[in-house]
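Report on the structure given below.
Numbering (the numbering used here), first residue to last: 99 to 496.
Here is the structure:
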């Protein structure tokens, strides 16, 4: 098990590492130029990611769970998942088109997304949703080397757009989305038997079974949209572009801390789907804990040493953000265990509790003048860790 985690996890780290570090680098440069433009672009990118999660969460997990579990029915499940993904991506794109303008008005007010082509962004939502679903097949088939190549060229297009062609943060990000979709589609034609998938007939029973898994998992993703919107809206009460920028920038710092635990998540899910070993589960918890703690301590050290690109976030905010990120890494393993048991409905209930906690504690932190925008996130992850572990414990005892 450890050997598989090292081999696949190493490749997966490379596959996402190129791109995530490139995004963080551009965020760092963007904050040093125009704070207003950064607030608009970073908020739009946040909403793109949120809407993508609506069209990806359940389908990507379904591909990475059902194909390893039921290898003899791989083509049937693949056809059903791909068919659903196209329809859902289209629905989410239209939902984005009709809702993004009022959402931005609520969050950014008068500085909103003036001059932004929302129809153009809706097309990229469609591509993002399909790309996210396609990745589930790569993890299920253990073809992560293709993701490494895809990530490299996506990162290259992102950096080229920003530094060579002098595009802004948002447009550089959109170019990278396009390149990612092209590479993922071409490689998918190679790793799947497309002809067999088109020929096979998936009865309504397969769709019904998948919907029983996908709907709660997708609903868990849908929780992200209102919770992020409400949290940004609460922070907007402060009438400060700086606070919103700190929160958006902090989420990128958080992505850096949870980078390796996140990329290991797909590997962990596949292993947990194949085996119910208690020992493997605690190994995964320990691995994620040590990695996230190490990354957090490194960032705190950089702050003490005066690393300029962390100046936007104060030390107290950074410590709170790091603690929340460590808890996220632990929760991700427990959450994957719940998914591997095909208990996505339970996972949805837990995510709702997390979302309510996030909003409530963020609001309370402002009311009592504990002005860190990340305190609510930390408290919400504490609540989630407690309830998830209490639930999973009975299955470990079995």
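A virtual CB, placed ideally from N, CA and C, is assigned to each residue, including glycine.
Kindly indicate which three-state DSSP category residue i falls into: helix, strand or coil?
i           : result
residue 373 : coil
residue 264 : coil
residue 471 : coil
residue 247 : helix
residue 168 : coil
residue 240 : coil
residue 403 : coil
residue 291 : coil
residue 58  : Because the chain here runs from 99 to 496, residue 58 falls outside it and cannot be looked at.
residue 410 : coil
residue 393 : helix
residue 361 : helix
residue 490 : helix
residue 500 : Outside the displayed span of the chain (99 to 496) sits residue 500, for which this structure offers no information.
residue 435 : helix
residue 378 : helix
residue 356 : coil
residue 301 : coil
residue 215 : coil
Straight-line CA distance for residue i to residue j?
i           : j           : result
residue 305 : residue 412 : 49 Å
residue 235 : residue 430 : 20 Å
residue 137 : residue 222 : 20 Å
residue 433 : residue 265 : 38 Å
residue 329 : residue 462 : 12 Å
residue 194 : residue 377 : 43 Å
residue 436 : residue 363 : 13 Å
residue 156 : residue 202 : 26 Å
residue 374 : residue 230 : 26 Å
residue 226 : residue 274 : 11 Å
residue 356 : residue 115 : 11 Å
residue 476 : residue 423 : 8 Å
residue 395 : residue 458 : 28 Å
residue 244 : residue 285 : 7 Å
residue 158 : residue 187 : 12 Å
residue 348 : residue 272 : 21 Å
residue 372 : residue 464 : 45 Å
residue 192 : residue 366 : 33 Å
residue 309 : residue 332 : 34 Å
Thinking C-alpha only, which one of the options is nearest residue i?
i           : options               : result
residue 379 : 487, 180, 184 and 177 : 487
residue 344 : 128, 485, 410 and 285 : 410
residue 125 : 258, 177, 173 and 268 : 268
residue 299 : 196, 214 and 171      : 171
residue 391 : 374, 416, 194 and 142 : 416
residue 288 : 241, 370 and 164      : 241
residue 334 : 115, 260, 141 and 285 : 141
residue 232 : 197, 198 and 165      : 165
residue 473 : 452, 451, 427 and 419 : 419
residue 456 : 478, 308 and 160      : 478
residue 196 : 216, 185, 182 and 181 : 216
residue 483 : 452, 466 and 470      : 452
residue 152 : 119, 325, 135 and 302 : 325
residue 359 : 352, 393, 237 and 427 : 427
residue 122 : 350, 147 and 182      : 350
residue 134 : 425, 342, 399 and 445 : 342
residue 150 : 162, 160, 200 and 220 : 220
Closer than 8 Å, CB to CB, is residue i near chain C or not?
i           : result
residue 372 : Included in the structure is just one protein chain, with no chain C present.
**Item:** Validate contact between the stretch 308 to 326 and the stretch 384 to 401 using beta carbons, cut 8 Å, 3 pairs
**Value:** no
**Asked** Is the stretch 396 to 403 touching the stretch 440 to 457 in the sense that three or more CB pairs, one from each, lie closer than 8 Å?
**Response** no
**Message:** Three Cβ pairs or more, each shorter than 8 Å: is that satisfied between the stretch 286 to 297 and the stretch 174 to 181?
**Reply:** Result yes; three or more Cβ-Cβ pairs closer than 8 Å.
**Request:** Evaluate the contact criterion for the stretch 243 to 256 versus the stretch 270 to 281: three or more CB pairs, one atom per stretch, below 8 Å.
**Result:** yes
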